[in-house]
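Contents: one structure, followed by commentary.
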Amino acid sequence: MPSTASPEPLRTRHGPIPLPYYAPVTTLDRFDLDSLLLPYLPRLAPCALISVPELLRADRRSAPPRLPMLVDSGGFLAFRGTVHATGTLGTLRYAPDDRPDPVILSPQQVWATQCQYAAVAFTLDFPYGGTDPEEQRRRAALSHANTLWALAQSRPAGLLVFASVQHDALDRIPEYLAAGADGVAIGGLVPFARDHDRVRSAVTHARRLAGTAPIHVFGLGHPTNVRVALEAGASGVDSSSALRAAADGRSWDGEHLADATPVERLRLAMTNINLGVQSTQAAP
């Protein structure tokens, strides 16, 4: 069985993050359930993940909770936006829910926001699943340029920067680590979450390439999937699925409420996050 990264915690400017970790995703207050859960997050999990677009929302009212925040670039919005080249770097144009005009998300804007809020920052990359081969190559090249640009920036002391890499581009990992990445984050595995052999193969390959550097896996939140990733060598995961299930009145221990009240949904969300965190404690 592949070895996981060092049991030493991630030392960030906002405090240590024990390995392995489970990071619930928060929007802070875009949804009622997020607002209800926000005060409890520091008691439930060692860290949480938020995306740059959520931090930039015009209608955001809440500050991030008092625990280490993993700040994702928001590149996943490429699925509902368009990717453009600005010089040698890639930018994302998308239509947010809270304003009528499109928003441009650039590597510079992502980096500035992460420097303000992040304990761990993930570089701006663009998923390309479902696009044609030419668009895949273009997005991959722009993602690569964005990552190398971010790794070359002067960073605040204690801010960790993980290179985002799609699951079929893992051979880039040694280059990113040599360029100064503190770890790597694997994207693109969510559509294959139930294909445990595929997830296991990708994470095992990443672990061979990464040595003892930490490996984050995006979007694998169900406890069964978490264990598969961690046993293959991942250091941590994030997911919004704990809250999505609770919003549907479901907990991962089998409870299902057909017409759950807001307080019941909060309880289900806390149950799911607890189960997610416990799944990391059961990992080797």
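Quick note on full-length UniProt numbering: the sequence shown kicks off at 1 and runs consecutively.
Backbone N, C-alpha and C define an ideal beta-carbon position, used for all residues, glycine too.
{"Check": "Quick one: residues in its chain with C-beta nearer than 7 Å to the C-beta of Ala181, no 5 flanking neighbours on either side, listed in chain order?", "Outcome": "Leu151, Val161, Phe162 and Ala163"}
{"Check": "Do you know offhand how far Leu159's Cα is from Pro9's?", "Outcome": "14 Å"}
{"Check": "Let me know if Gly187 comes out buried or exposed under the rule of 16 or more other beta-carbons within 10 Å of its beta-carbon.", "Outcome": "buried"}
{"Check": "Could you compute how far the alpha carbon of Gln114 sits from the alpha carbon of Arg60?", "Outcome": "17 Å"}
{"Check": "What are the complete alpha helix (DSSP H) segments, minimum 4 residues, inside the segment 163 to 215?", "Outcome": "173 to 178 and 196 to 210"}
{"Check": "Just to confirm the assignment, what range does the beta strand (DSSP E) spanning Pro24 have?", "Outcome": "Tyr21 to Pro24"}
{"Check": "Rounded to the nearest angstrom, what separates Glu135 and Tyr128 at their Cα positions?", "Outcome": "7 Å"}
{"Check": "Given this structure, state the Cα-to-Cα distance separating Asp197 from Thr204, to the nearest angstrom.", "Outcome": "10 Å"}
{"Check": "Check whether the Cβ atoms of Phe126 and Ala185 lie closer than 8 Å to each other.", "Outcome": "no"}
{"Check": "If you draw a straight line from the C-alpha of Asp132 to the C-alpha of Pro68, how long is it?", "Outcome": "38 Å"}
{"Check": "Taking 8 Å as the threshold, find out whether the segment 45 to 59 comes into contact with the segment 93 to 107 through three or more Cβ pairs.", "Outcome": "yes"}
{"Check": "If you draw a straight line from the alpha carbon of Ile273 to that of Val52, how long is it in whole angstroms?", "Outcome": "22 Å"}
{"Check": "Kindly indicate which residue of Leu41, Ala157 and Leu124 has the alpha-carbon position closest to the one of Ala145.", "Outcome": "Leu124"}
{"Check": "Within its chain, find whatever has a CB closer than 7 Å to the CB of Pro65; leave out the 5 residues flanking it on each side and keep chain order.", "Outcome": "Leu38, Leu41, Pro42 and Ala48"}
{"Check": "When you compare the CB positions of Leu170 and Ala206, do they come within less than 8 Å of one another, or not?", "Outcome": "yes"}
{"Check": "Roughly how many angstroms lie between the CA atoms of Met270 and Arg138, to the nearest whole one?", "Outcome": "41 Å"}
{"Check": "Take every Cβ of the segment 16 to 36, pair it with every Cβ of the segment 236 to 245, and state whether three or more of those distances are shorter than 8 Å.", "Outcome": "yes"}
{"Check": "When you compare only the Cα positions, how much space is there between Ser62 and Asp195?", "Outcome": "37 Å"}
{"Check": "What's the gap between the Cα of Ser143 and the Cα of Thr82?", "Outcome": "13 Å"}
{"Check": "Which residues mark the beginning and the end of the beta strand (DSSP E) in which Pro16 is found?", "Outcome": "Gly15 to Ile17"}
{"Check": "Measuring straight from C-alpha to C-alpha, what distance separates Arg225 and Ala193?", "Outcome": "With the sequence shown as reference, residue 225 is identified as Asn, and Arg is not the correct amino acid for it. Using only the alpha carbons, I get a separation of about 7 Å."}
{"Check": "Can you list the beta strand (DSSP E) stretches of 3 or more residues lying completely in the segment 10 to 92, in chain order?", "Outcome": "10 to 12, 15 to 17, 21 to 24, 48 to 51, 69 to 72 and 82 to 86"}
{"Check": "For the alpha helix (DSSP H) holding Leu266, just list the boundary residues, first then last.", "Outcome": "Pro262 to Gln281"}
{"Check": "Under the rule that 16 or more other beta-carbon atoms within 10 Å means buried, what is Ala118, buried or exposed?", "Outcome": "buried"}
{"Check": "Is there a C-beta anywhere in chain B that falls below 8 Å from the one on His84?", "Outcome": "The question asks about chain B, but that chain is absent: this structure has only one protein chain."}
{"Check": "With 16 as the cutoff for other CB atoms within 10 Å, does Thr147 come out buried or exposed?", "Outcome": "buried"}
{"Check": "Buried or exposed, going by whether 16 or more other CB atoms sit within 10 Å of the CB of Gln116?", "Outcome": "exposed"}
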